[in-house]
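A quick write-up on the structure given underneath.
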Amino acid sequence: MATGLNPNSDGLQAGTISPPGEVVPALAAMSVSKTFSGNRVLSDVSMTLEPGEIRMLLGGNGSGKSTFIKILSGYHHKDEGGEIRIGGVPLPDASAHGAHQLGARFVHQDLGLVEDSSILDNMFMTDKFPVRFGTVDARQAKQRTNAALAEVGLDLNHRTLVRDLTAVQKTGVAIARAIGLSDEGSIRLLVLDEPTATLPAAEVEQLLTTVKRIANSGVAVIYVTHRFDEVFELPSKVTVLRGGIEVLTTDSSDLTRDDLVAHIVGSEVLEVVQGTSGATFAKTVKPVLRVEGLETPLVSGLSFDVKPGEVLGFSGVTGSGRELINSAVFGATTRLGGSVNCDGMEIKPNRPDLAIRAGIAFVPADRKIHGGLMSLSARENISISGLNKFWKFPRINRKAESSDAIDWFERLAVQPLGAIAAVLGSFSGGNQQKVIMGKWMRLGPKVMLFEEPTQGVDVGAKAEIYRQFSEASAAGSALVISSADVDELVAVCHRVLVLRHGHIAEELTGADLTVVNVTRASLVTSNSDQTEGAGQ
Amino acid sequence: MSTTKRKFNLGMARFSGLYVWGIFIIIFAIWVPKYFLTMATASSIASAQVVTGVMAFAVMIPLIAGVFDLSVGSSAIMGSIFSVSFQTQYHMNMWLSIVLTILIGLGIGLINGFVVVKLHVNSFIATLGMGSIVIALVTWECGGLQPLLPTSLTWGNLTQAFFGGGFQVGIFYLVALAFLLWWVLSFTPAGRYLFAIGSNSEAARLSGVSADFWIWSSLACSGFLAGFAGVLFSSQTGPSLSFGSGLLLPAFAAVFLGSTQLTPGRFNVWGTLLAIFVLATGVQGLQFVIQAPWLDGLFNGVALIAAVAFAVSRQRSEGKRKDIKQNEMVTIESPSSLDESPSVELNEALNHAAGSGAE
Numbered sequence: 004m005a006t007g008l009n010p011n012s013d014g015l016q017a018g019t020i021s022p023p024g025e026v027v028p029a030l031a032a033m034s035v036s037k038t039f040s041g042n043r044v045l046s047d048v049s050m051t052l053e054p055g056e057i058r059m060l061l062g063g064n065g066s067g068k069s070t071f072i073k074i075l076s077g078y079h080h081k082d083e084g085g086e087i088r089i090g091g092v093p094l095p096d097a098s099a100h101g102a103h104q105l106g107a108r109f110v111h112q113d114l115g116l117v118e119d120s121s122i123l124d125n126m127f128m129t130d131k132f133p134v135r136f137g138t139v140d141a142r143q144a145k146q147r148t149n150a151a152l153a154e155v156g157l158d159l160n161h162r163t164l165v166r167d168l169t170a171v172q173k174t175g176v177a178i179a180r181a182i183g184l185s186d187e188g189s190i191r192l193l194v195l196d197e198p199t200a201t202l203p204a205a206e207v208e209q210l211l212t213t214v215k216r217i218a219n220s221g222v223a224v225i226y227v228t229h230r231f232d233e234v235f236e237l238p239s240k241v242t243v244l245r246g247g248i249e250v251l252t253t254d255s256s257d258l259t260r261d262d263l264v265a266h267i268v269g270s271e272v273l274e275v276v277q278g279t280s281g282a283t284f285a286k287t288v289k290p291v292l293r294v295e296g297l298e299t300p301l302v303s304g305l306s307f308d309v310k311p312g313e314v315l316g317f318s319g320v321t322g323s324g325r326e327l328i329n330s331a332v333f334g335a336t337t338r339l340g341g342s343v344n345c346d347g348m349e350i351k352p353n354r355p356d357l358a359i360r361a362g363i364a365f366v367p368a369d370r371k372i373h374g375g376l377m378s379l380s381a382r383e384n385i386s387i388s389g390l391n392k393f394w395k396f397p398r399i400n401r402k403a404e405s406s407d408a409i410d411w412f413e414r415l416a417v418q419p420l421g422a423i424a425a426v427l428g429s430f431s432g433g434n435q436q437k438v439i440m441g442k443w444m445r446l447g448p449k450v451m452l453f454e455e456p457t458q459g460v461d462v463g464a465k466a467e468i469y470r471q472f473s474e475a476s477a478a479g480s481a482l483v484i485s486s487a488d489v490d491e492l493v494a495v496c497h498r499v500l501v502l503r504h505g506h507i508a509e510e511l512t513g514a515d516l517t518v519v520n521v522t523r524a525s526l527v528t529s530n531s532d533q534t535e536g537a538g539q
Numbered sequence: 008m009s010t011t012k013r014k015f016n017l018g019m020a021r022f023s024g025l026y027v028w029g030i031f032i033i034i035f036a037i038w039v040p041k042y043f044l045t046m047a048t049a050s051s052i053a054s055a056q057v058v059t060g061v062m063a064f065a066v067m068i069p070l071i072a073g074v075f076d077l078s079v080g081s082s083a084i085m086g087s088i089f090s091v092s093f094q095t096q097y098h099m100n101m102w103l104s105i106v107l108t109i110l111i112g113l114g115i116g117l118i119n120g121f122v123v124v125k126l127h128v129n130s131f132i133a134t135l136g137m138g139s140i141v142i143a144l145v146t147w148e149c150g151g152l153q154p155l156l157p158t159s160l161t162w163g164n165l166t167q168a169f170f171g172g173g174f175q176v177g178i179f180y181l182v183a184l185a186f187l188l189w190w191v192l193s194f195t196p197a198g199r200y201l202f203a204i205g206s207n208s209e210a211a212r213l214s215g216v217s218a219d220f221w222i223w224s225s226l227a228c229s230g231f232l233a234g235f236a237g238v239l240f241s242s243q244t245g246p247s248l249s250f251g252s253g254l255l256l257p258a259f260a261a262v263f264l265g266s267t268q269l270t271p272g273r274f275n276v277w278g279t280l281l282a283i284f285v286l287a288t289g290v291q292g293l294q295f296v297i298q299a300p301w302l303d304g305l306f307n308g309v310a311l312i313a314a315v316a317f318a319v320s321r322q323r324s325e326g327k328r329k330d331i332k333q334n335e336m337v338t339i340e341s342p343s344s345l346d347e348s349p350s351v352e353l354n355e356a357l358n359h360a361a362g363s364g365a366e
């Protein structure tokens, strides 16, 4: 890898001329900040990476790591004042092209591969196919593909379709595509954003080998992860971000797992006290929802139950299996096995209509895709699951339907108030979420399932949604909340089940239910990793 | 539907069809008053559009649920042939023939529904194939010859008898059907469910709407109405082995054009009727002026493309405004959704008007 040289010939001016012999850092970020509409999400973060260095980047939800990476990749503008140099050359602000030219490459969590195309086709899809006389030069394309694969240590046939690869092979192909097609020595920085989040544990080792190999060739690597094992397996430095501030940068060998948890969570954890927190549910109270032996692609044999009025949380990092629990219980996604029983009614898999009849409501994570009828009015969205109440031959009672919708707009403080005829798509994220909550709450469900209930929701709407949680719980509904936001779970739940590798790793209630404990349970892989089902 | 208030350069776009209609009438009234401004012209425009109108409604119902039915043309051909051949070849009672024919149409729709819902074949492909099969079977049944017309006057009088104000009775069937559909689509849960499925079939399913059942039903209705359209055509002009396919395009054009009218962004009964008569008036007027046989096709083709382009561009500009809003928000690390196909964007662009629905 060239050091001290400036390989750029594309008009990007070198800011400094380094003295001969001194190593130019692959990445030098100085006091980088980012403010979104008055809200500072990244402040004065600095980071220097030498060529060949591996840097683990850790941080909880909202810590600013994604924002930092998006600034590096040219997706976001950074605030005035900071500076980023790649290989000694200043990075133009918010220019993906500039970042690419300076030799920065990014592999995101969803790899951006086309499953039905061959490895070779995927290789050149983001680049240019080598062309000869107007047709693809197959021989050259093949050679370059094989060279790129070899660079990351993969031995695969270029004709293989991506969908036939294992998860780790796909990640490898994405990395090969990112770095393998460029000229030797032109790549300075590779950013891997949670590359192992969805990898089976057994395949992680292979990826780490690849990462080491790349680093050895002189490329600096930023490695974002939630998995602690990897932090200690790679010879690396660790940077922890919290609340947009860099709280720690040190060698991984100087750290213990508990240190890491403490830094990620912070010392002064704000315990949001709320009235119902710590309430215990008498053993004699019968659970309203019983889930036994639930099987989804990511979890197996999961059992839990919820009592009326109880707020149960599911925590766990991406890939832990937390994501699909609620949707599989409701029938939104395929349930491969296990039984769901709501108040004595057995619910068949993949039958949301039966689940609703049994008294279950489901607020999915992705409003646009699963939650709302974006091209229909808010009124129609609110009434859709319970039209029978307004239907009396020969017509739907529009007046009653409207006043019901207005009622829910007021109860949930939906803005703009009274705009029940506006199409759902025209509302802001937080208000869409409130409309969808209203649609369910008017049915008076026995069980309400939430996935990422406050994702993409502003602070005000968030408070309103939390208030509705406690009202619904006080009214006797059982709530099951699956969220990536640990603060949220600790604030609103009576009990939290933490998932790790598809199993319930820990059950936290009462005084044990703290941000530190939940975070530790979701991150730390202890040797005594038990797979007991929770439930009382 | 009339309650849908939107900030949408009021009136101009919503009622543009009415204005255009008015302009057509004025232009041709001045240009060719002798031919155009007669009761006969009004009556002939009206009765010539009865079959197109019923076909358009047949197309519209599944489209509301986001499903195409391209077999309506063939089902209508079936209707025109069978309703007559049952009478003249099999000597059945007229009413029995009509009922039987329409039931066969319903059966075709039910099979379409089965293929789309149970076999998960894209509706476009399923109904295109079914259309071809139906034509083949009808041709086989009648040996490639158009059956003889019934001799009784009653058959023709079913649609051609004159009725109040110099209009043929056929047009009243169309109006009655329009009222019936308007009621179902705007005032009953069935209509709500269809629109919900068309808006987002997965979200509708997760709201407890049996998307499969309603998609199936919409295709059944479509087959039923297509059979009925065939009967009407046969009564008006006699059985034909070719007319149906030619009416497919005008039917779709009317429905899409109609979705830009009155309640923009939604397929609707009165917008569809309006579109049909605007197009028919324009074509008829121009026929008086330049007597060109190709006018009809040109008009309908342009109208179809323009209508969809307009609907899509409206939706895209709405989408853009929302994207800007969302970028302003603090980015959050979201778990990637596992089951979304890569063509979401493409689908979204067409969804409201023409999403391929059930997948």
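Respectively, the protein sequence lines represent chains A and B. Yeah, the first sequence ends on 539 if you go by our numbering, and it's all consecutive. Yeah, the second sequence ends on 366 if you go by our numbering, and it's all consecutive. We put the CB at the ideal spot given by N, CA and C, even for glycine. None of the values given here were measured: they were computed from a predicted structure.
Review point. Which whole runs of the alpha helix (DSSP H) in the segment 166-212 of chain A are 4 residues long or more, in chain order?
Key: 170-182
Review point. Chain B partners of Pro397/A, CB-CB under 9 Å?
Key: As a first step, residue 397/A is located in the first sequence; it is residue number 394 there, counting from the start. Under the 9 Å cutoff, chain B gives Trp190, Phe194, Thr195.
Review point. Hey, how far is the Cα of Met50/A from the Cα of Val493/A?
Key: What you label residue 50/A is simply residue 47 of the first sequence in a count that begins at 1. What you label residue 493/A is simply residue 490 of the first sequence in a count that begins at 1. Going by the C-alpha atoms only, they are around 32 Å apart.
Review point. For Ile225/A, which beta-bridge partners are listed by DSSP?
Key: By one-based count along the first sequence, residue 225/A stands at place 222. BP columns for Ile225/A point to Arg58/A, Val194/A.
Practice item. Identify which residue in Thr161/B, Ile32/B, Thr134/B, Gly173/B has its Cα closest to the Cα of Trp102/B. Key: Mapped onto the second sequence, residue 102/B falls at position 95. Selected option, being the one with the closest Cα: Thr161/B.
Review point. How far does the alpha helix (DSSP H) with Ile540/A in it reach, from first residue to last?
Key: Within the shown structure, residues of chain A are numbered from 4 to 539, placing residue 540/A beyond reach of any answer.
Exercise for review: Report the neighbours of Phe263/B on chain A: residues whose CB is nearer than 7 Å to its CB, in chain order.
Suggested key: Translated into the one-based positions of the second sequence, residue 263/B becomes position 256. What Phe263/B touches in chain A: nothing, since even the nearest Cβ is about 15 Å away.
Check your understanding: Taking 7 Å as the CB-CB cut-off, is His80/A touching chain B?
Key -> Working through the first sequence from its first residue, we reach residue 80/A at position 77. No, because no Cβ of chain B sits closer than 7 Å to the Cβ of His80/A.
Practice item. In angstroms with no decimal places, state the Cα-to-Cα distance between Arg166/A and Glu118/A. Key: As a working mapping, residue 166/A is identified with position 163 in the first sequence. As a working mapping, residue 118/A is identified with position 115 in the first sequence. Using only the alpha carbons, I get a separation of about 5 Å.
Practice item. Measure the alpha-carbon distance for Phe169/B versus Val182/B and round it to whole angstroms. Key: For the purposes of this step, residue 169/B is taken as residue 162 along the second sequence, with counting starting at 1. For the purposes of this step, residue 182/B is taken as residue 175 along the second sequence, with counting starting at 1. Going by the C-alpha atoms only, they are around 15 Å apart.
Practice item. Mind checking the segment 377-389 of chain A against chain B and listing, in chain order, the residues whose C-beta falls within less than 9 Å of any C-beta there? Key: Met377, Ser378, Leu379, Ser380, Arg382, Glu383, Asn384, Ser386, Ile387, Ser388, Gly389
Check your understanding: So who's on the other strand from Leu281/B, going by DSSP bridges?
Key -> Counted from its first residue, the second sequence places residue 281/B at position 274. In DSSP, Leu281/B forms no bridge with anything.
Check your understanding: Per DSSP, what kind of secondary structure is Glu295/A in: helix, strand or coil?
Key -> On the first sequence, residue 295/A is found 292 positions in, with the first residue counted as 1. DSSP places Glu295/A in strand when its eight states are reduced to three.
Point to revise | Presumed contact (8 Å Cβ cut-off) between Gly265/B and Met85/B, rounded CB distance | key: Along the second sequence, one-based indexing puts residue 265/B at 258. Along the second sequence, one-based indexing puts residue 85/B at 78. About 26 Å separates the two Cβ atoms, so there is no contact after all.
Point to revise | Same chain, Cβ closer than 6 Å to Lys200/A, neighbours up to 5 away in sequence not counted | key: Counting from 1 along the first sequence, the entry for residue 200/A is found at position 197. Per the sequence shown, residue 200/A should be read as Ala rather than Lys. Within the same chain, Ala200/A has close Cβ partners Gln112, Thr321, Gly322.
Practice item. Could you please give me the residues that DSSP links to His506/A through a beta bridge? Key: Against the first sequence, residue 506/A aligns to sequence position 503. Looking at the DSSP assignment, His506/A forms a beta bridge with Arg503/A.
Check your understanding: Among Gly163/B, Leu281/B, Phe179/B, which one has its Cα closest to the Cα of Ser241/B?
Key -> Mapped onto the second sequence, residue 241/B falls at position 234. Of the candidates Gly163/B, Leu281/B, Phe179/B, the one whose C-alpha sits nearest the C-alpha of Ser241/B is Gly163/B.
Review point. Terminal residues of the continuous beta strand (DSSP E) containing Asn400/A?
Key: Position 397 of the first sequence, counting from 1, holds the residue named residue 400/A. Unbroken run through Asn400/A: none, as it is neither H nor E.
Point to revise | Environment of Asn160/A [buried if 16+ CB atoms lie within 10 Å] | key: By 1-based counting over the first sequence, the position of residue 160/A is 157. Burial call: exposed.
Review point. Since Ile217/A contacts Val110/A with CB under 8 Å, what's their CB separation in whole angstroms?
Key: For the purposes of this step, residue 217/A is taken as the residue at position 214 of the first sequence. For the purposes of this step, residue 110/A is taken as the residue at position 107 of the first sequence. With 8 Å as the limit, Ile217/A and Val110/A do not qualify as a contact, their Cβ atoms being about 11 Å apart.
**Study point:** Burial state of Ala218/B, where buried means 16 or more other Cβ atoms lie within 10 Å
**Key:** Taking the first residue of the second sequence as 1, we reach residue 218/B at position 211. Buried, by the Cβ-count rule.
Point to revise | C-beta atoms of Gln418/A and Asn434/A nearer than 7 Å | key: The residue given as residue 418/A occupies position 415 in the first sequence. The residue given as residue 434/A occupies position 431 in the first sequence. It is a contact, given that the beta carbons lie within the stated cut-off.
**Study point:** Continuous beta strand (DSSP E) stretch holding Asp308/A: start and end
**Key:** Taking the first residue of the first sequence as 1, we reach residue 308/A at position 305. Run containing Asp308/A: 305-309, per the beta strand (DSSP E) assignment.
Exercise for review: Would you mind giving the Cβ-Cβ distance between Val450/A and Ser486/A, rounded to the nearest angstrom? I have them listed as a contact below 8 Å.
Suggested key: As a working mapping, residue 450/A is identified with position 447 in the first sequence. As a working mapping, residue 486/A is identified with position 483 in the first sequence. That belief does not hold up - the Cβ atoms of Val450/A and Ser486/A are roughly 17 Å apart, past 8 Å.
Exercise for review: State the Cα-Cα distance for the pair Glu208/A and Leu251/A, rounded to the nearest angstrom.
Suggested key: The residue given as residue 208/A occupies position 205 in the first sequence. The residue given as residue 251/A occupies position 248 in the first sequence. Looking at the two C-alpha atoms, the distance is approximately 26 Å.
Check your understanding: Cβ atoms of Ala403/A and Phe412/A: under 7 Å apart, would you say?
Key -> If you number the first sequence from 1, residue 412/A lands on position 409. If you number the first sequence from 1, residue 403/A lands on position 400. It is not a contact, given that the beta carbons lie outside the stated cut-off.
Practice item. Please decide whether Ser242/B counts as near chain A, where near means a Cβ-Cβ distance under 7 Å. Key: Here the question's residue 242/B lines up with position 235 in the second sequence. No - not a single Cβ of chain A is within 7 Å of the one on Ser242/B.
Exercise for review: Along the beta strand (DSSP E) that carries Asn344/A, what are the first and last residues, could you check?
Suggested key: Indexing the first sequence from 1 puts residue 344/A at position 341. That run of the beta strand (DSSP E) goes 340-345.
Check your understanding: Shortest alpha-carbon distance to Ile248/A belongs to which of Lys145/A, Gly463/A, Ile182/A, Phe71/A?
Key -> By one-based count along the first sequence, residue 248/A stands at place 245. Comparing Cα positions, the closest option is Phe71/A.
Review point. So what's Met101/B in DSSP terms, helix, strand or just coil?
Key: Working through the second sequence from its first residue, we reach residue 101/B at position 94. DSSP places Met101/B in helix when its eight states are reduced to three.
Practice item. Please list the partners that Gly374/A has in chain B, where partner means a Cβ-to-Cβ separation under 7 Å. Key: The sequence position of residue 374/A within the first sequence is 371, counting from 1. The contacting residues are Ala210.
Point to revise | Inter-residue spacing [alpha-carbon to alpha-carbon] between Thr336/A and Ile363/A | key: Taking the first sequence and counting its residues from 1, one reaches residue 336/A at position 333. Taking the first sequence and counting its residues from 1, one reaches residue 363/A at position 360. So the alpha carbons of these two residues sit roughly 15 Å apart.
**Study point:** Check whether Leu77/B and Thr134/B have beta carbons under 7 Å apart
**Key:** Along the second sequence, one-based indexing puts residue 77/B at 70. Along the second sequence, one-based indexing puts residue 134/B at 127. Against a cut-off of 7 Å, the Cβ pair of Thr134/B and Leu77/B comes out as a contact.
Practice item. Let me know the alpha helix (DSSP H) ranges lying completely inside the segment 313-400 of chain A, each 4 residues or longer, listed in chain order. Key: 328-333, 355-360, 381-386
Review point. Pro300/B and Arg21/B: beta carbons closer than 7 Å?
Key: Taking the first residue of the second sequence as position 1, residue 300/B is located at position 293. Taking the first residue of the second sequence as position 1, residue 21/B is located at position 14. Their beta carbons are not under 7 Å apart, which means Pro300/B does not touch Arg21/B by this criterion.
Exercise for review: Please classify Ser121/A: does DSSP put it in a helix, a strand, or coil?
Suggested key: As a first step, residue 121/A is located in the first sequence; it is residue number 118 there, counting from the start. Strand, per DSSP.
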